[in-house]
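Reading through the structure tokens given below for one structure.
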Amino acid sequence: MTLMDSTSISVSSHPQYSISVGDTVLSLGSDNLLDLCWTDGLDTPCSICKRHFDNAVAPPVRTLQLLEASPKATPAGLQLPSIKITNSHLRCLKLSNIKFFPVSHAWHKPVARAYATRESSIEATRMVFELPVRILVAASQRFGSDVQIWHDYISIPQWQDSFRGTTILPQIFQIFKYGGTSLIHLDDEPTFDIHELPSSQDLSIRGPAMQCLFSARWFRRMWIIVEFTMCQDSYLMNSRFEIMPGRFSSLMEEITRISQTLPAPLEWMASIPMFSKDRSTHNCLGHVYDLLANQGCRSFRDYFIAACAMLEQDHDHRALAELPKDAQDACLWVSKRALERGDYSPLLLRPPNEPQHGRVRWLKGYMRIDEKMWGIGVQTNAAYIPPTILPDDSVQLEVRFLGALGDFSPNFDGESRLLVQCMLCKSRIHCGASMWREPKGAANLYLVPGLTYLNARCEHIGIVVEDAQVIGRALLGAPPCNCSEVAHIRLE
Ligand SMILES: [Zn+2]
Ligand SMILES: [Zn+2]
């Protein structure tokens, strides 16, 4: 796309809004707003080091603040104050210790349409300017008139190709990470009432407000999980631009605390998505799939961008540039990177509802990410010996052989009971297992030394292997004897 010469469109024929950028004041209306904000109309050198930006290395962090303190402005008012745009390197912001609030929100259809078609509309224009500015006014009233926010509707020139996809995404994740505390804008109607949220009152009488809060569409989107994971904390904002007094983490702690005193969970508690309760350090792909399953996104490949970002928070910038374009290849790439870090979870996933991969049979989730593929939480102890990936993408493991599988009572939905007999001393091992295929008669049980997971509630993780395939995972207590031998097995 050729960018328009922005000097000729910096004045709108129907000006409604004004933005100060560098030494210029732009007067904006529906005829020119997206043409300026979403191309190069807000470009300047870095406000701190005064150097120009190299988008391939470090695109600008574009923040908004009020041009001047305007005590009369209200977030929902008709007259919106003028704003000032500042472009800075993330590195320069860090060095100068300048903070801002990144805004996390679900996209609106008119804005998504304008992004996809590169055609402006009155509705999209209004949302792109007004929503960030109203949020800014609310944030200024709460946190002080010099507060800065980052909102992707204005902060990213959405029609510039150099800002699309995996170029800008790692930068966005770093912006949330550095911002530290985000504003989560839940603008669904009817909105929840911030005063109805629990402080120390009984949660059971807050049911309708809580139901309303957790049914906001923000909770069903996928990208917001990455943003949420990157931040240390956040404040919730409703559709009236009211900001909750306490932090979101305090609300979740309160819900957890009170729910532990209840005889049974309240009905609305089932609608709380797993990610919002989970502040653990994400260190295994299986658990990340549990968080991402069922969350909405536009393209299947996006799941693997998100997984990579969550698992490799400090390296994702370089890593994501190498993510294959094809979604199935991207799944294999993310799974192999996990294995290389000693993460066994790609091998221990229950298969989702997808056909077996034609070449790499151990690969799961290459066509769909289902809930219940994992279910045993983050890794608490790494295996002593990481897996080895061979050139043909098969995987070699050094494990301990416990015995051949004997009696097996199948239960493919829940826990099966396994009976395994030691080949040497004939001691018997009884254990619980999660099986996804019935053994054909030559299945063996192996222990993965050292490996444990938070919610597995067992001392050791075992794998049931047949025909170079993991067909189940076993939850083991202490082995009944010490005969087990080191075994080298290969999964294809
Ligand atoms: Zn700079
Ligand atoms: Zn034995």
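Just so you know, the sequence shown maps onto residues 1 to 492 in the UniProt record's numbering. Ideal Cβ positions, reconstructed from N, Cα and C, are used throughout, including at glycine. From a predicted model like this one, the values you see are computed outputs, not experimental measurements.
A residue is listed when its beta-carbon falls short of 5 Å from at least one non-hydrogen atom of ligand 1; in chain order these are 46, 48, 49, 89 and 92.
For residue 427, the CB falls within less than 6 Å of some heavy atom of ligand 2.
The Cβ atoms of residue 373 and residue 354 lie no closer than 7 Å to each other. Around the beta carbon of residue 232, fewer than 16 other beta carbons sit within 10 angstroms, so the residue counts as exposed.
In the same chain as residue 328, and ignoring 5 residues on each side of it, the C-beta atoms closer than 6 Å to its own belong to 366, in chain order.
In its chain, beyond the 5 residues on either side, 101, 103, 235 and 237 have a beta carbon closer than 6 Å to the beta carbon of residue 183.
Collapsing the DSSP output to three states places residue 312 in coil. In terms of side-chain proximity, the C-beta atom of residue 424 is found nearer than 6 Å to a non-hydrogen atom of ligand 2. When the beta-carbon positions are compared, residue 454 and residue 377 come within less than 7 Å of each other. One Cα belongs to residue 213, the other to residue 106, and the distance between them is close to 14 Å. Just so you know, the alpha carbons of residue 385 and residue 319 end up roughly 24 Å apart. Using a C-beta cut-off of 8 Å, the segment 52-70 makes contact with the segment 83-102, since at least three inter-stretch Cβ pairs fall below that distance.
Collapsing the DSSP output to three states places residue 35 in a helix. In the DSSP assignment, residue 101 falls within the unbroken beta strand (DSSP E) covering 101-105. By the neighbour-count criterion, in which 16 or more other beta carbons inside 10 Å mark a residue as buried, residue 291 falls on the buried side. In the displayed model, residue 84 falls within a strand according to three-state DSSP. Remark: fewer than three beta-carbon pairs, one from each stretch, lie closer than 8 Å, so the segment 38-46 and the segment 205-212 are not flagged as touching. Where residue 65 is concerned, the enclosing beta strand (DSSP E) starts and stops at 61-66.
For residue 331, the Cβ stays outside the 6 Å cut-off from all heavy atoms of ligand 2. Between ligand 2 and the CB of residue 431, the shortest heavy atom gap is not smaller than 6 Å.
Residue 231 has its Cβ no nearer than 6 Å to any heavy atom of ligand 2.
Bounds of the beta strand (DSSP E) holding residue 487 are 485-491. A straight-line Cα-Cα distance of about 29 Å links residue 360 and residue 225. Distances taken from the Cβ of residue 481 to the heavy atoms of ligand 2 include one shorter than 6 Å. The Cβ-Cβ distance between residue 38 and residue 157 falls below 7 Å. Annotated as proximal: residue 475 and residue 456, with beta-carbon spacing under 7 Å. A distance below 7 Å between beta-carbons, with the five flanking residues on each side excluded, links residue 389 to the following residues of its chain, in chain order: 336, 339, 340 and 395. In the three-state reduction of the DSSP assignment, residue 331 falls in the helix class, which pools H, G and I. Taking the C-beta atoms as reference points, residue 18 is found no nearer than 7 Å to residue 29. Collapsing the DSSP output to three states places residue 434 in a strand. In the three-state scheme derived from DSSP, where H, G and I count as helix and E and B as strand, residue 471 is classed as strand. Within the DSSP secondary-structure output, residue 395 pairs in a beta bridge with 389 and 491. Residue 151 places its beta carbon 7 Å or farther from that of residue 170. Judged by DSSP in its simplified three-state form, residue 374 adopts coil rather than helix or strand. Taking C-beta separations shorter than 7 Å and ignoring five residues to either side along the sequence, the partners of residue 34 in its chain run 114, 120, 124, 125 and 128, following chain order.
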